[in-house]
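Have a look at the structure below before the remarks.
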Amino acid sequence: VGARTAPFRCPAATSRAVSRTPRGPLRPRAIAAPSAVPFLPSADHLQEWGPQSWKQREALQQPNYPNQAELDEAVAQIAAFPPLVFAGECRTLQSRVAAAAAGEAFLVQGGDCAEAFSQFNANRIRDLFRLLLQMSVVLMYGGGVPVVKIGRLAGQFAKPRSADLETVDGQSLPSYRGDIINGPRARVPNPARLVRGYNQSAATLNLLRGFATGGYAALDRVMQWNLDFTRGSEEGRAYRDLASRIEESITFMRACGLDMHSAIMRETDFYVSHEALLLDYEAALTREDSTTGLWYGCSGHFLWCGERTRQLDGAHVEYLRGVGNPLGVKVSDKADPADLVALIAALNPENTPGRLAVIVRMGAAKLRERLPALLAAVGAAGQVVTWICDPMHGNTEAVQGYKTRRFENVRAELEAFFDVHEAAGTVPGGMHLEMTGDDVTECIGGGAAVTELDLSSRYHTHCDPRLNAEQALELAFYVASRLRRRRAARDAEQQRADGAPAAAARNGLL
């Protein structure tokens, strides 16, 4: 167990990290390694861990491949491929996730419920990237903090299912588990799909890196990020107004001599993520970092463990505990506080900031009831995590034969998330959305005014319903208002703290 069989040692990538200025927010600076302390597991923690040690545990939600030899061949092929992401990038992201835990940044994670081979094209990737840029601008301008941008793509193929079989047109079939395993029509798990999933992820990452560093993300293009079909909407108009204010600021800064061609003005950091569900695929892309000797899951920057697979003694937790990536764990209203504390200890034994995010998916009413106990238990244990709200999965319902979500419920859960953290004095660190840059009608309501009758017109998801761009932007404006409110409260508290010594001196107490 734990034999170092990975054929490729993952190089550290030079990247930008963030630093805290004495009087301002986090600002990017170019260095070879992030300033945050990387996750450094102890020897005891890794004593019995290896990229294949998960095979000694019960692995839920794994497909039953009919031909083991074909599976072995596909896994060996992927193990010989280059890594999709690099250890240095993962460490930089960890520092950003740590900033979100401290309230010095806000994390936005979004993308498809499940990527599909048939819908893979450059325009769809570009439009999701544009939407995340738009949301980030809204949040940065309104909230006054940097935004950590993480896409649910370049690997978000596999989906957990509640049963191995499902009934389609009266026929019992193996459940559709995502294109990397089987297809909506071809239900037999096919190992060749693993290789296709890798290839699509590599192409997606290549395009995203070009967008992020090739000038597309330049701030002076802020007006051009508006998606065509949102231009006439209330959200589109609000975004244009905000973009105009930013352009005026850029004109002023240019007049002051600011170099608009510098990397800080023309590039952005963008990361990819997915649920680490399909363990044969994850293990094949697990590589040893050449600079630290630590192992990283090189299938994506940020990996998470789902609600159905987060058993403390399960295979998924066993795999994830040994990789150096920043991680997430999803928890529902069923989560027991003591169990969560134990799970956090298993995944982040050194209590490293930015190592672990807890992604809460409960539904608005249940979140108000259940989240306070989780916050209290984690706080009492002294554990450092980044709290993220997933307002999608606790609000799914069936309407006229379609799975959908009501925008009002999604927003209500985000509102509850901020309210509970405000009452507890803890930090709301981010949001996790299933969304698309496409003009779809899959979620009901919002400024887009999608009705139940509209569901059938542009319902394109292969799995769960997604917010369209108008709905996602509307949420971004709401969250920006909450971040602005939180910033105002912190500023007022700081002013009171700064004023106390002066008042004491005036009163002869100092």
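Using the numbering used here, you'd call the opening residue of the sequence shown number 1 and step up by one each time.
Glycine included, C-beta positions come from ideal geometry on N, C-alpha and C.
Since the structure is predicted, the reported quantities are computational estimates derived from the model, not experimental observations.
Roughly how many angstroms lie between the CA atoms of L258 and L219, to the nearest whole one?
Linking L258 to L219 through their CA atoms gives a straight-line distance of about 13 Å.
What are the residues that DSSP puts in a beta bridge with T396?
Beta-bridge annotation (DSSP): T396 is paired with R405.
Using a Cβ-Cβ cut-off of 8 Å (strictly less than) and excluding sequence neighbours within five positions of E413, which residues of its own chain qualify?
Excluding residues up to 5 positions away in sequence, M362, G363, A364, L367, C389, P391, G394 and N395 lie with their Cβ nearer than 8 Å to the Cβ of E413 in the same chain.
Checking 9 Å against the spacing of the C-beta atoms, do D454 and K403 come in under that value?
With contacts defined by Cβ atoms closer than 9 Å, D454 and K403 do not form a contacting pair.
Do you know offhand how far S290's Cα is from S244's?
Straight-line spacing of the CA atoms in S290 and S244 works out to 46 Å.
For W304, which of A69, N325 and M431 has the nearest alpha-carbon?
Ranking A69, N325 and M431 by Cα distance to W304 puts N325 first.
Per DSSP, cross-strand counterpart(s) of M435
L467.
Endpoints, alpha helix (DSSP H) assigned at I246
Counting along the chain, I246 sits inside the alpha helix (DSSP H) bounded by residues E234 to A255.
Can you tell me whether V148 is buried or exposed? The criterion is at least 16 other CB atoms within 10 Å of its CB, across all chains shown.
Taking all protein chains in view, the Cβ of V148 is crowded by 16 or more other Cβ atoms within 10 Å, so the residue is classified as buried.
Just to check my reading of the structure: R511 and L294 have Cβ atoms closer than 8 Å, yes? What is that Cβ distance to the nearest angstrom?
For the chain, the structure presents residues 1 to 510; residue 511 sits outside this window and is missing.
With a floor of 4 residues, list each alpha helix (DSSP H) that falls wholly inside the region 351-390, ordered by position along the chain.
Listed in chain order, the alpha helix (DSSP H) runs fully inside the region 351-390 are 364-380, counting runs of at least 4 residues.
Alpha carbon to alpha carbon, how far is E70 from R370?
Spanning the two alpha carbons is a distance of roughly 45 Å.
For the beta strand (DSSP E) holding D289, just list the boundary residues, first then last.
Counting along the chain, the unbroken beta strand (DSSP E) around D289 starts and ends at T286 to D289.
If we count the other Cβ atoms within 10 Å of its Cβ and call it buried at 16 or more, is A99 buried or exposed?
By the neighbour-count criterion, in which 16 or more other beta carbons inside 10 Å mark a residue as buried, A99 falls on the buried side.
P191 by DSSP, collapsed to three states: which one?
If DSSP states are grouped into helix, strand and coil, P191 belongs with coil.
Determine whether the beta carbon atoms of L107 and R96 lie at a separation below 9 Å.
Yes. Within cutoff.
Coil, strand or helix - V420 by DSSP:
Of the three classes helix, strand and coil, the one that applies to V420 here is helix, per DSSP.
Applying the 10 Å Cβ sphere with the 16-neighbour rule, what's the burial state of V168?
Under a 10 Å Cβ-count criterion, V168 is classified as exposed, with fewer than 16 other Cβ atoms of the shown protein chains found around its own Cβ.
Proximity of F157 and G197 at Cβ, strictly below 9 Å:
Inclusion of F157 and G197 in the CB contact set at 9 Å is warranted, their separation being smaller than that value.
Sequence ranges, beta strand (DSSP E) only - wholly within the region 153-201, length at least 3
Counting only runs that start and end inside the region 153-201, the beta strand (DSSP E) elements of at least 3 residues fall at 165-168 and 171-174.
Considering only C-alpha positions, which residue in the set V384, Q383, V440 and G314 is nearest to A58?
For the record, residue 58 in the displayed sequence is Glu; it is not Ala. Of the candidates V384, Q383, V440 and G314, the one whose C-alpha sits nearest the C-alpha of E58 is G314.
Smallest Cα separation from A192: which of Q68, Q471, F270 and A263?
It is Q68 whose Cα lies nearest to the Cα of A192.
Close-in-space but distant-in-sequence residues of the same chain around Q77 (CB under 8 Å, 5 per side omitted)
Once the five neighbours on either side are set aside, the close Cβ partners of Q77 are V195.
Mapping DSSP to helix, strand and coil, what is E58?
E58: strand per DSSP, three-state reduction.
Closest Cα partner of G178 within the set R490, Q119, V145 and P66
With distances taken between CA atoms, G178 lies nearest to Q119 out of R490, Q119, V145 and P66.
Leaving aside the five residues before and after Q311 along the sequence, list all residues of the same chain whose C-beta is less than 8 Å from its C-beta, in chain order.
Around Q311: E58, L60 and V317.
Compute the distance between the beta-carbons of F86 and G354, then report whether it is under 9 Å.
Cβ distance not < 9 Å, so F86 and G354 don't count as in contact.
7 Å Cβ shell around A163 - same chain, five flanking residues per side excluded
Excluding residues within five positions, the ones whose Cβ falls inside 7 Å are S175.
Is Y281 helix, strand or coil when you go by DSSP?
Three-state DSSP puts Y281 in a helix.
Counterpart residues of P428 in DSSP-defined beta bridges:
Its beta-bridge partners are W387.
Any idea what DSSP makes of P34, helix, strand or coil?
Since pLDDT at P34 reaches only 38, below the 50 mark, its modelled position is unreliable, and no value is offered.
Which of the three DSSP states is assigned to R490 in this structure?
In this structure, R490 counts as helix in the three-state DSSP scheme.
Where does A480 land, buried or exposed, given buried means 16+ other C-beta within 10 angstroms?
A480 sits buried, since 16 or more C-beta atoms from the chains shown fall within 10 Å of its C-beta.
Rounded separation between T286 and K55 - CA only:
Rounded to the nearest whole angstrom, the CA to CA distance from T286 to K55 is 14 Å.
Which residue marks the beginning of the beta strand (DSSP E) containing E275, and which one marks its end?
E275 -> beta strand (DSSP E) spans Y271 to E275.
Leaving out five residues on either side along the sequence, give the residues of the same chain with a beta carbon under 7 Å from the beta carbon of N190.
Closer than 7 Å at the Cβ level, and outside the excluded window around N190, lie N182.
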